[in-house]
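Visitor: In order, the protein sequences belong to chains A and B.
Take the first sequence: its letters are residues 223 to 819, numbered as in the numbering used here.
Take the second sequence: its letters are residues 223 to 819, numbered as in the numbering used here.
Okay, here's the structure, questions in a sec.
There are 2 protein chains.
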Amino acid sequence: MTEDLEFEETNGNVSLVPLGGLGEFGLNMMVYETENDIIVIDTGFMLPNADMPGVDLIFPDIHYLVERKEKVRGILLTHGHEDHIGALFYVLRQLDVPVYGTQLTLAIASGRLREYNVLGKAQLNTVAPGDTVELGDFSAEFIHVTHSIPDTVAIALRTPVGIIVHTGDFKFDMTPIDGKMSDIQTLARLGSEGVHLLVSDSTNAERPGQTPSERSIYGTIDNIFQKADQKLFLCTFSSSLHRIQQFIELANVHRRLVAVTGRSLLNNVRTASELGYLNLNPDYLIDARDASMFKPHEVVILCTGSQGEPRSALSLMALDNHPFLKVERGDTVVMSARIIPGNEKAIGNVVNHLLRRGAKIHHERNANVHVSGHGSSEDLKLMLNLLQPKFFMPVHGEYQNLMRHAELAESVGIQSDNVKVAEDGELIRLTSETCEIFGREGRSGRVLVDGKPEFELEDIVLRDRIQLSEDGIVVPVIVLHSDTGADISTTDNKSNLENMLNGIEDVSGIVQTDIPSETGLNAGQIEIISRGFVYMDKSEELMEEAKEITRSVIENLSDEQKQETETVQDEIRGALRRFFSKQTQRSPLIFPVVMRV
Amino acid sequence: MTEDLEFEETNGNVSLVPLGGLGEFGLNMMVYETENDIIVIDTGFMLPNADMPGVDLIFPDIHYLVERKEKVRGILLTHGHEDHIGALFYVLRQLDVPVYGTQLTLAIASGRLREYNVLGKAQLNTVAPGDTVELGDFSAEFIHVTHSIPDTVAIALRTPVGIIVHTGDFKFDMTPIDGKMSDIQTLARLGSEGVHLLVSDSTNAERPGQTPSERSIYGTIDNIFQKADQKLFLCTFSSSLHRIQQFIELANVHRRLVAVTGRSLLNNVRTASELGYLNLNPDYLIDARDASMFKPHEVVILCTGSQGEPRSALSLMALDNHPFLKVERGDTVVMSARIIPGNEKAIGNVVNHLLRRGAKIHHERNANVHVSGHGSSEDLKLMLNLLQPKFFMPVHGEYQNLMRHAELAESVGIQSDNVKVAEDGELIRLTSETCEIFGREGRSGRVLVDGKPEFELEDIVLRDRIQLSEDGIVVPVIVLHSDTGADISTTDNKSNLENMLNGIEDVSGIVQTDIPSETGLNAGQIEIISRGFVYMDKSEELMEEAKEITRSVIENLSDEQKQETETVQDEIRGALRRFFSKQTQRSPLIFPVVMRV
Chain A
223 MTEDLEFEET NGNVSLVPLG GLGEFGLNMM VYETENDIIV IDTGFMLPNA
273 DMPGVDLIFP DIHYLVERKE KVRGILLTHG HEDHIGALFY VLRQLDVPVY
323 GTQLTLAIAS GRLREYNVLG KAQLNTVAPG DTVELGDFSA EFIHVTHSIP
373 DTVAIALRTP VGIIVHTGDF KFDMTPIDGK MSDIQTLARL GSEGVHLLVS
423 DSTNAERPGQ TPSERSIYGT IDNIFQKADQ KLFLCTFSSS LHRIQQFIEL
473 ANVHRRLVAV TGRSLLNNVR TASELGYLNL NPDYLIDARD ASMFKPHEVV
523 ILCTGSQGEP RSALSLMALD NHPFLKVERG DTVVMSARII PGNEKAIGNV
573 VNHLLRRGAK IHHERNANVH VSGHGSSEDL KLMLNLLQPK FFMPVHGEYQ
623 NLMRHAELAE SVGIQSDNVK VAEDGELIRL TSETCEIFGR EGRSGRVLVD
673 GKPEFELEDI VLRDRIQLSE DGIVVPVIVL HSDTGADIST TDNKSNLENM
723 LNGIEDVSGI VQTDIPSETG LNAGQIEIIS RGFVYMDKSE ELMEEAKEIT
773 RSVIENLSDE QKQETETVQD EIRGALRRFF SKQTQRSPLI FPVVMRV
Chain B
223 MTEDLEFEET NGNVSLVPLG GLGEFGLNMM VYETENDIIV IDTGFMLPNA
273 DMPGVDLIFP DIHYLVERKE KVRGILLTHG HEDHIGALFY VLRQLDVPVY
323 GTQLTLAIAS GRLREYNVLG KAQLNTVAPG DTVELGDFSA EFIHVTHSIP
373 DTVAIALRTP VGIIVHTGDF KFDMTPIDGK MSDIQTLARL GSEGVHLLVS
423 DSTNAERPGQ TPSERSIYGT IDNIFQKADQ KLFLCTFSSS LHRIQQFIEL
473 ANVHRRLVAV TGRSLLNNVR TASELGYLNL NPDYLIDARD ASMFKPHEVV
523 ILCTGSQGEP RSALSLMALD NHPFLKVERG DTVVMSARII PGNEKAIGNV
573 VNHLLRRGAK IHHERNANVH VSGHGSSEDL KLMLNLLQPK FFMPVHGEYQ
623 NLMRHAELAE SVGIQSDNVK VAEDGELIRL TSETCEIFGR EGRSGRVLVD
673 GKPEFELEDI VLRDRIQLSE DGIVVPVIVL HSDTGADIST TDNKSNLENM
723 LNGIEDVSGI VQTDIPSETG LNAGQIEIIS RGFVYMDKSE ELMEEAKEIT
773 RSVIENLSDE QKQETETVQD EIRGALRRFF SKQTQRSPLI FPVVMRV
């Protein structure tokens, strides 16, 4: 009897642990777990915001998986966007498990795996829509859906508690570029069979209506081609292969040669056309370095940089810094991508510079040159109505998007109590009867990477950077002399002082003084160095005073106190903090260094 | 003959020097100059973006005016928004000139003048719409226009070359809250008389159609009042007095008491109601500290924070950090303001947190709770058609807004050659026949202020901060011993080392070593300190290696080289830069300090 109960309580259950994507855009990663087995859907990364200085990449914290690595049966990928596959190399370095994805998804993922030397040991398994894979307690069926990249799938999991459908990113494009519709029939069949839990994409939950077909922008771009009488720059994400397909078709129609620039764009175009996901006549392709050899109206240049990324081709051209491409008066630039929140300023700067060069600019806000790959409210309702799930959990988005998606679910009749808005790191327990959020997993979170992925950026380092950027740093360096009878000549020190002052040209400030050696520990030299605090040429007086304060702090310490480096530092830090705050209303990091000789 | 020509070339001309607002939002300030006289329209400031860490305020560089201070006859203000008056105290500290503005504008401006101790000496002259002021070669007529703050004026300047109309901010609100329409009659009369140059607001040039009346949001807010059964928070800019008037009226209708929180909001409400610009029944006002004493449905709280400003009332409430106000489940929050580009992330964070507390949120993107105070395309065309100027110059906006406004001007028939898109710091020369951009004024630009306005933030300091924020700072401190025969005991140094390591708890890293004293100048102690670079607990090995590299750099220097502090620093900096770049792919600021004893 007890045994039966225990079996019911544990063996029969499925836990969900969202490691990323619930409370932010990006980092998509969901753990599904039974007593014996774990599978993971997607391993995405995220790009940092402006409030994370010096951060290159953000990965989900995968301690939860590493601690249970013997249970992990596989990683399932829904599609080839970086917010779903970008952390794969990072995960595979720590977990040696099979990966399942469609042909294009794995081909794109392989690029980065190769770059980070994990391709060799990676167990990549190609699946096709319609395939089913058995992974311990889970059976995963891959279902084709339309999105801005081909070969995208939703995943239906058969689990001990019932069917879970994890949509990944999707829209219902009724006229997709590659002719492959979302597999509505399979979704409807699952709905008839009975879906226990739907886990669905909330990206566009706040948009009313239906997301238009990818094909809906064709006319606008065609019109832009017709009117362009000089060079034409078409800028989009390197993974927007349906978009690129349309650009290439229109280039053919308008008899322009196609130059592709940017490593990621070139890689994706090459991969997709080799695998047949992009229909490309090589006769129309030219090397971007040769673009200037043709007349302006004979070429179209495909490039990246739609988000104003400073090192992208478009940003370089906007500032006339690109090695071989130039935007000139009369050229046309199409930014065929979403303006991602947070990037408005950077994009605006690029637009302003391009306009100054005399280019015509078409972007999302002034022309119909972009359409989303994510379903809007009515698409999300269609998914809900096709599947008619008992329980519903929104994923992919900030809290406001998840909340809005929850409202949509209730609006189509899902019981309010059965709609669960969870966030990263919460544990969701699913039984055949219930779905409850029952706690938090302590070790979830984000891993910030700056430079090499081996060097995780700790929160404390990031906090330091933010404080450094606010008010700079002041480093008082104090040499304390033990009373050894050593002859410390003032003249010698003077010449040293001159060396110091003359020698350092790129220093925002150095002030140095000599204090006569007395008995006990004495301040022999005091320097105050600063970066990012005040401009020294104008603040000599301020630093002279700071130096005096430092000296008097030391002089007022007892010999016992002087022996305690911590005490010396604390006293100096406190005195200078008060002084600088009063004088400048700034709060630099103050970091006293005590040297003893 | 020569004299006549000279007279024509100089005496007859008017120069325009935009010191701010042409190429950005904010900083609005325009200089109009003849041979004898200068007048200035508006003195705005700007708030910094995320890419300017630690900057509090931005002012226009006014060297151009200071160098010509004896010519400046007056400052004319169009309205009381900070992007038009926020730099007045900064300007009046350097220029002792009369200021002209309407009653409300001067009342609002006085607050900041008082705060910065310039109110006493300020020569403030109140004007009313319809008034004309003579200022040397200029005669300025003030013309009422509608905007989001009452008592706004456009200014018509009669100059030696003809009439210049400077619109300031405006819309054509046909049903303004205070019943005072834009003075279309006067504008039309000027148009008939003949306008030489129109200088007009481009803020909303990219928006199609007409900006709706301020009154158009009344119904939505009314509806929100009806549905709110708990506390209601209404959040807007402290200067949006028409908006605040509507909130107060609706509070009366729905029998809610009004609590106002936030210093700027309280000041503006007090000033405007004293002067009769706000119709306010004091019986309905309560102290925000007492709001919790009433039932939730009995109060409405007016607050600021619509841009997600971290120290605003709304942001504090979102994080449950407000001293006496609390957002709770079932409360309603209305963010009745524009989502300013660049603030999306901060606003999104506040919205997410408010939703987590269970509040209902209405903002610009999901409800009709905000309307702009700036005219859209059709309003701008109406202004152009009323005035029918010979020349046109768009102001107030980024380059893309100015360009769009220029297109609108051409679309209503202004000759393309007569439309001049200038930017900050360019000099525009206006004769009775021509209008030409003929150069740049070198000393224009921006003054960044961090802390007290006395401490201008130099570009080099800002650049340092940005670099510090990217990769942190590393400070190697080297003590070089002159060979004085001094007995430097290793034991002593060891205990010092322990002191150092124990003493500093909030240091991200200190590494220290002892090098035996030999002959000549020797490295006695080497420490490497870092902030914002790597997390020291995990990077001890890295810093040990860095220390070894520093030591070997010094050992490989000749005694002569060791005498040159600059050489020692350069060598250490170079070696460590290469080392850190290879090991971590990061480029911290490296700032060696050489101490000599």
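Idealized CB from N, CA, C, for every residue including glycine.
Since the model is a prediction, treat every value here as computed from it, not as a measurement.
Please tell me whether B/Lys293 and B/Ile330 are closer than 9 Å, where the distance is taken between their beta carbons.
Guide: Here residue 293 of chain B refers to the residue found at position 71 when the second sequence is read from its first residue. Here residue 330 of chain B refers to the residue found at position 108 when the second sequence is read from its first residue. No, these two residues do not count as a Cβ contact at 9 Å.
Visitor: Whose Cβ in chain A lies nearer than 8 Å to the Cβ of B/Phe755?
Guide: Locating residue 755 of chain B in the second sequence gives position 533, where the first residue counts as 1. Ordered by position in chain A, the residues that pass the 8 Å Cβ test against B/Phe755 are Val683.
Visitor: For chain B, find out if any of its Cβ atoms is closer than 9 Å to the Cβ of A/Ile446; answer yes or no.
Guide: Translated into the one-based positions of the first sequence, residue 446 of chain A becomes position 224. Output row for A/Ile446: interface = no.
Visitor: For A/Ser599, report the span of its alpha helix (DSSP H) as first-last.
Guide: Position 377 of the first sequence, counted from the start, is the residue given in the question as residue 599 of chain A. Where A/Ser599 is concerned, the enclosing alpha helix (DSSP H) stretches over Ser599 to Leu609.
Visitor: With a cut-off of 9 Å, does the C-beta of A/His703 fall near any C-beta of chain B?
Guide: If you number the first sequence from 1, residue 703 of chain A lands on position 481. Closer than 9 Å: yes.
Visitor: Who are the Cβ neighbours of B/Gly595 in its own chain at under 7 Å, not counting the five residues just before and after it?
Guide: Residue numbering aside, residue 595 of chain B sits at position 373 when the second sequence is read from its first letter. For B/Gly595, where only same-chain residues beyond five positions count, the Cβ hits under 7 Å are His369, Ser370, Asp391 and Lys393.
Visitor: Residues of chain B with CB under 7 Å from A/Tyr621, in chain order?
Guide: As a working note, residue 621 of chain A is residue 399 in the first sequence. Residues of chain B passing the Cβ test: Asn574, Leu577 and Arg578.
Visitor: So is B/Arg687 buried or exposed if we call it buried at 16+ other beta carbons inside 10 Å?
Guide: In the second sequence, counting from the first residue as 1, residue 687 of chain B sits at position 465. Flag for B/Arg687 reads buried.
Visitor: Got a sec: is the Cβ-Cβ distance from A/Asn271 to anything in chain B below 9 Å?
Guide: Residue mapping note: residue 271 of chain A aligns to position 49 of the first sequence, counting from 1. Yes, contact with chain B.
Visitor: In the DSSP assignment, what residue or residues form a beta bridge with B/Asn347?
Guide: Taking the first residue of the second sequence as 1, we reach residue 347 of chain B at position 125. For B/Asn347, which the question treats as bridged, DSSP gives the partners B/Tyr322.
Visitor: Identify whether B/Asn490 lies in helix, strand or coil by the three-state DSSP scheme.
Guide: The residue given as residue 490 of chain B occupies position 268 in the second sequence. Looking at B/Asn490 - three-state DSSP - the assignment turns out to be helix.
Visitor: Report yes or no: do the region 535 to 545 of chain B and the region 462 to 475 of chain B share at least 3 C-beta pairs separated by less than 8 Å?
Guide: In short, these stretches do not touch, since the Cβ pair count stays below three.
Visitor: Tell me whether A/Thr327, by its Cβ, gets closer than 8 Å to a heavy atom of the ligand GTP.
Guide: Only the bare structure without any ligand can be found here, which leaves the ligand GTP out of the picture.
Visitor: So the candidates are B/Val288, B/Asp318, B/Leu241 and B/Val340; which of them puts its Cα closest to the Cα of B/Asp305?
Guide: What you label residue 305 of chain B is simply residue 83 of the second sequence in a count that begins at 1. Taking only the C-alpha atoms, the option nearest B/Asp305 is B/Leu241.
Visitor: Say whether chain A places a C-beta atom closer than 9 Å to the C-beta of B/Leu244.
Guide: Residue 244 of chain B sits at position 22 when you count from the first residue of the second sequence. False, the Cβ-Cβ gap to chain A never drops below 9 Å.
Visitor: Using a Cβ cut-off of 7 Å, pull out every chain C residue sitting near A/Pro275, in sequence order please.
Guide: Included in the structure are the protein chains A and B, with no chain C among them.
Visitor: Kindly list, in the order they appear in chain A, the residues whose Cβ is closer than 9 Å to that of B/Arg875.
Guide: Any question about residue 875 of chain B goes unanswered here, given that chain B covers just 223 to 819.
Visitor: DSSP three-state label for B/Lys291, please.
Guide: Locating residue 291 of chain B in the second sequence gives position 69, where the first residue counts as 1. Looking at B/Lys291 - three-state DSSP - the assignment turns out to be helix.
Visitor: So who's on the other strand from B/Leu357, going by DSSP bridges?
Guide: Working through the second sequence from its first residue, we reach residue 357 of chain B at position 135. Answer is B/Phe360, bridged to B/Leu357.
Visitor: Should B/Ile583 be flagged as near chain A, meaning a C-beta pair shorter than 9 Å?
Guide: Position 361 of the second sequence, counted from the start, is the residue given in the question as residue 583 of chain B. Output row for B/Ile583: interface = yes.
Visitor: Since A/Val815 meets chain B, which of its residues come closer than 7 Å, beta carbon to beta carbon?
Guide: Here residue 815 of chain A refers to the residue found at position 593 when the first sequence is read from its first residue. What A/Val815 touches in chain B: Val699, Glu749 and Ile751.
Visitor: So is A/Leu279 in contact with chain B if we call contact Cβ pairs under 9 Å?
Guide: If you number the first sequence from 1, residue 279 of chain A lands on position 57. Chain B, which has no Cβ nearer than 9 Å to the Cβ of A/Leu279, makes this no.
Visitor: Show which residues of chain A have a CB atom less than 7 Å away from the CB atom of B/Leu811.
Guide: Against the second sequence, residue 811 of chain B aligns to sequence position 589. Going along chain A in sequence order, the residues near B/Leu811 (Cβ under 7 Å) are Arg753.
Visitor: Closest to A/Arg795 by CA distance: which of A/Ala410, A/Glu550, A/Ala768 and A/Ser424 is it?
Guide: For the purposes of this step, residue 795 of chain A is taken as the residue at position 573 of the first sequence. Minimum Cα distance to A/Arg795 is reached at A/Ala768.
Visitor: Which runs of the alpha helix (DSSP H) spanning at least 4 residues fall entirely within the region 400 to 431 of chain B, listed in chain order?
Guide: Runs of the alpha helix (DSSP H) inside the region 400 to 431 of chain B: 406 to 415.
Visitor: Check whether the Cβ atoms of A/Lys830 and A/Ala510 sit closer than 9 Å, and answer yes or no.
Guide: The first residue shown for chain A is 223 and the last is 819, placing residue 830 of chain A beyond what the model contains.
Visitor: Closest by CA to A/Gly619, which one among A/Ala427, A/Ile386 and A/Thr324?
Guide: Translated into positions along the first sequence, residue 619 of chain A becomes position 397. Nearest C-alpha to A/Gly619: A/Ala427.
Visitor: Could you pull the start and end residues of the alpha helix (DSSP H) that A/Met539 belongs to?
Guide: As a first step, residue 539 of chain A must be located in the first sequence, where it is residue number 317. That run of the alpha helix (DSSP H) goes Ala535 to Ala540.
Visitor: Counting C-beta neighbours from all protein chains within 10 Å, is the total for A/Val816 16 or more, i.e. buried, or is it exposed?
Guide: For the purposes of this step, residue 816 of chain A is taken as residue 594 along the first sequence, with counting starting at 1. Burial call: buried.
Visitor: Looking only at its chain, what residues have a beta carbon closer than 6 Å to the beta carbon of A/Val288, apart from the 5 residues adjacent to it on each side?
Guide: In the first sequence, the residue the question calls residue 288 of chain A occupies position 66. Hits under 6 Å: Gln316.
Visitor: Would A/Leu326 and A/Ala494 be called neighbours here (beta carbons separated by less than 9 Å)?
Guide: As a first step, residue 326 of chain A must be located in the first sequence, where it is residue number 104. As a first step, residue 494 of chain A must be located in the first sequence, where it is residue number 272. Taking 9 Å as the Cβ cut-off, A/Leu326 and A/Ala494 qualify as a contacting pair.
Visitor: My guess is that A/Lys567 and B/Gly243 are in contact by the Cβ rule of under 8 Å, so how many angstroms apart are they, rounded?
Guide: What you label residue 567 of chain A is simply residue 345 of the first sequence in a count that begins at 1. What you label residue 243 of chain B is simply residue 21 of the second sequence in a count that begins at 1. Incorrect: roughly 17 Å between the Cβ atoms, too far for contact.
Visitor: Over the uninterrupted alpha helix (DSSP H) stretch that includes A/Ile636, give me the two end residues.
Guide: Taking the first sequence and counting its residues from 1, one reaches residue 636 of chain A at position 414. Segment: none, A/Ile636 is in no alpha helix (DSSP H) and carries neither H nor E.
Visitor: Around the Cβ of B/Asn574, are there at least 16 other Cβ atoms within 10 angstroms (buried) or fewer (exposed)?
Guide: As a working mapping, residue 574 of chain B is identified with position 352 in the second sequence. Looking at its Cβ environment, which holds 16 or more other Cβ atoms inside 10 Å, B/Asn574 is buried.
Visitor: Ignore the nearest five residues each way along the sequence and tell me which others in A/Ser462's own chain have a CB closer than 6 Å to its CB.
Guide: Along the first sequence, one-based indexing puts residue 462 of chain A at 240. So the list reads Ser370, once near-sequence residues are dropped.
Visitor: Below 8 Å on the Cβ atoms is my guess for B/Val617 versus B/Ser422; work out the distance and round it to an integer in Å.
Guide: For this step, residue 617 of chain B is matched to residue 395 along the second sequence. For this step, residue 422 of chain B is matched to residue 200 along the second sequence. Indeed they touch by this definition, with Cβ atoms about 7 Å apart.
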